[in-house]
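2 protein chains.
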Amino acid sequence: MSWTFSGERPIYSQLVEQLQLRIVTGVYPPGSRMETVRELANEAAVNPNTMQRAMSELERRGLVFSQRTAGRFVTDDPESIAALRAELAQEKIDRFLGEMRKLGYEKREVVALLEREERT
Amino acid sequence: MSWTFSGERPIYSQLVEQLQLRIVTGVYPPGSRMETVRELANEAAVNPNTMQRAMSELERRGLVFSQRTAGRFVTDDPESIAALRAELAQEKIDRFLGEMRKLGYEKREVVALLEREERT
DNA sequence: GTTATTGTATTAAGCAATTAATACAATAAC
DNA sequence: GTTATTGTATTAATTGCTTAATACAATAAC
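Chains as they are written, first to last, in the numbering used here: chain A, 272 to 391; chain B, 272 to 391.
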């Protein structure tokens, strides 16, 4: 799981997304210590300030908290993390159905198209 | 059907999207003449150049063509327009399933969630 | 109590992309 | 053949993001 960016959206925003994904999928488990801002910035090949900005956003969302010199930790609350995962999924579902609606597809057609897909 | 923009993405890109949507859903029927760049720009409250840029992109995609002083017209080929609609839908499906996969949802779970939705 | 480590804040520079202002070009209409 | 209309091209201004450099703050480790 490496770091890649699209160029279409701000890097800091993509960092937020990818870090959030790692948290809700358990790559960074609840309560675990994350790497330092400088380390993560180095891995992702971005400026430390950019990584810091992403971290601030995660903190604002209550996903992580920092302890001055000890480092930064993932929230130790599996339930709220699970809730976030469900919330993110719901957002994607809503956006997806809305877009398909704009294209003129009704829900049952969408479901039919999905069931035809070959994916796991 | 008015013009609204998000601020997160370039306006010209959102114009392309919305114009394309109007074409594939028949708001601008095949072969019909569109309003002038200046008129459309005025309606959408954007700079004429921004609308022009969107138009150039639609032209590049073969959706419209321009006749110097007569104006701009929608491609007169219902089938290719229908094909585009299907293509856009497929793109959305692929992206959606990919994102849900990243969140750890398998296709059958996604379908189950969708069927639980109260939408038409 | 000193030091190293880590997070945080500030300011500015550089860069790329978008938007804006304006002028030009082609042609249908008369 | 003139003119008004429409599309097109060019250049400049603006904006926002990223990066950079640097300094400060807190505290765990020793």
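Just so it is clear, CB atoms sit at the ideal spot from N, CA and C, and this is done for glycine as well. Bear in mind the structure is a predicted one, so any value in this text is a computation, not a measurement.
Can you name the residues that DSSP bridges to residue i?
i, result
"residue 342 of chain A", "A:338"
Secondary structure at residue i, three-state DSSP: helix, strand or coil?
i, result
"residue 387 of chain A", "helix"
"residue 298 of chain B", "coil"
"residue 284 of chain B", "helix"
Quick one: list the residues of chain A neighbouring residue i, beta-carbon separation under 8 Å, in chain order.
i, result
"residue 386 of chain B", "382"
"residue 330 of chain B", "Correct list: empty, because the minimum Cβ distance to chain A is about 21 Å."
"residue 292 of chain B", "373 and 374"
Can you pull the chain A residues whose beta carbon is under 9 Å from the beta carbon of residue i, in chain order?
i, result
"residue 276 of chain B", "Within 9 Å Cβ-Cβ: nothing; residue 276 of chain B doesn't reach chain A, min ~15 Å."
"residue 391 of chain B", "372, 377, 378 and 379"
"residue 364 of chain B", "367, 371, 381, 384, 385 and 388"
"residue 295 of chain B", "374 and 375"
Under 8 Å between beta-carbons, which chain B residues line up against residue i? List them in chain order, please.
i, result
"residue 356 of chain A", "374 and 375"
"residue 360 of chain A", "371, 374, 376 and 384"
request  = Kindly provide the ranges of any beta strand (DSSP E) runs that are 3 or more residues long and lie completely inside the segment 303-339 of chain B, ordered along the chain.
outcome  = If only complete runs of 3 or more residues are kept, the segment 303-339 of chain B shows the beta strand (DSSP E) at 335-338, in order along the chain.
Inter-stretch contact (C-beta, 8 Å, three-pair minimum) for the segment 278-290 of chain A and the segment 318-335 of chain A = Look at the beta carbons and you see the segment 278-290 of chain A touching the segment 318-335 of chain A: at least three pairs across the two are nearer than 8 Å.
task = Run through the segment 346-383 of chain B for me and flag every whole alpha helix (DSSP H) of 4 or more residues, listed as ranges in chain order.
result = 349-373
ask   = Do three or more CB pairs link the segment 311-323 of chain A to the segment 353-367 of chain A at distances below 8 Å?
value = no
Stretch-stretch touch, CB-based, cutoff 8 Å, three pairs: the segment 366-385 of chain B with the segment 366-382 of chain A = yes
ask   = Touching or not, the segment 303-313 of chain B and the segment 348-356 of chain B, by the rule of three or more beta carbon pairs under 8 Å?
value = no
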